Structures are given as C-alpha cells and as structure tokens.
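Everything on this sheet refers to the single structure shown next.
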Amino acid sequence: LQRLYEAGLRELTKRDVGKAGSNPLSGASIDAVKAAIDADLVRESHELNSKMVLLTIAISGGPFLGLLGTVVGVMITFAAIAAAGDVNVNAIAPGIAAALLATVAGLGVAIPALFGYNYLAARIKNISSDMQIFVDEFVTRVAETYGAR
C-alpha cells in the first residue's frame, strides 16, 4: 500500500496539488492520477504472483519425478531378477521398497507445496483486494479535496 500511496503522491506533486495558488484538478488529471496508481497496482500484483510458479512446478512436477524414480527402480529390480534368474519375494521386496521411496519423496514435495500455494493464493487475493480498495479510496479523496467543484 505504501508504494501505491507514494505513486499517488508523485502524481499529485507533478501537478503542484496543494500548493498556494494551484488550480483544482480537472477530471482528466484525476483520471491520470488513477491510471498511474493503477499501473503500480498491476506491477505490485505481478510481483506478488511472480514466485507462485515455483510452487505450481513443485505441485505438478513432484509426483511425476517420484513416479519416474519408481519406474526406474522397478525396472532395475526386474533387471536384477532377470540376471539372477531367481524369483522370490526376498529378492524383489527391497528393490520395490526403494523404488516406492521415490514416489513418497515426490508426494512429500507436492502435498506441502499444494497447501502453501493455496494459503498464499488466498493471501494474495486479499492483499490485491485491499490494494484496489485503497486506490479507489485514494482517488476519491483526491477528487473530493483537490478536484474542480
């Protein structure tokens, strides 16, 4: 919110608002102030969302990497069984267990990332709403205080 406020003040300062003898702001000037603050609002929203892609990659990619590890582990186990020529549970179980560990690791990454993503997405939505409300209230206050009557 501070950056949005500073953007609004910059725009008002450019127009010499509040100085003795300054003219009231026209509707076009108020629209220009709002446009400048809205541009900063878009930049701030983009900044808030910019790192969320890392969580989406972890959410979608973690299970696939785990599955890849499981498939490779099972293939290695079957290759070892084929080379040994002996099929018994004691020979298969350790290899399969190790292969499934990759799936657990992938899910161990994806599940917390999913919770984190949903929490942060809700926070970003609330912050974005607060920023939009601030912009609207700021521009309204500027129009009431410095606008042409």
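To convert, note that position 54 of the sequence shown is 120 in our numbering; the numbers rise steadily by one, no gaps.
Heads up, the beta-carbon is just placed ideally off N, CA and C, and yes, glycines get one too.
For clarity, every value in this text was computed on a predicted model and none was experimentally measured.
Discussion item. Bridge partners for leucine 91 per DSSP, in chain order?
Written reply: DSSP, once it has assigned bridges, lists Gly213 as partnering leucine 91.
**Report entry** threonine 211 to valine 205 span [Cα, whole Å]
**Finding:** In this model, threonine 211 and valine 205 are separated by some 10 Å (Cα to Cα).
| message | Which same chain residues end up closer than 6 Å to serine 88 when comparing Cβ atoms and leaving out the 5 residues on each side of it in sequence? | response | Within the same chain, serine 88 has close Cβ partners Asp82.
> Just to confirm, are alanine 168 and glycine 128 a CB contact at a threshold of 8 Å?
Replying inline: In this structure, glycine 128 does not lie closer than 8 Å to alanine 168 by Cβ.
* To do: Could you tell me the distance, in whole angstroms, from the CA atom of serine 95 to the CA atom of phenylalanine 181?
  => Put simply, the backbone Cα of serine 95 is about 44 Å away from that of phenylalanine 181.
Check your understanding: Taking the runs of the beta strand (DSSP E) that are 3 residues or longer, which of them lie wholly in the stretch 82-141?
Key -> Taken in chain order, the stretch 82-141 contains no complete beta strand (DSSP E) segment of 3 residues or longer.
- Task: With DSSP as the reference, label aspartate 202 as helix, strand or coil.
- Result: Of the three classes helix, strand and coil, the one that applies to aspartate 202 here is helix, per DSSP.
Considering glycine 70, what are the terminal residues of the alpha helix (DSSP H) in which it resides?
-> Residue 70 is actually leucine in this sequence, not glycine. Per DSSP, the continuous alpha helix (DSSP H) segment holding leucine 70 begins and ends at 68-80.
Next on the checklist: Could you compute how far the alpha carbon of isoleucine 177 sits from the alpha carbon of alanine 149?
Outcome noted: Distance between the alpha carbons of isoleucine 177 and alanine 149 is about 37 Å.
Exercise. What's the C-alpha gap between lysine 191 and isoleucine 158?
Worked result: Taking the straight line from one Cα to the other gives about 50 Å.
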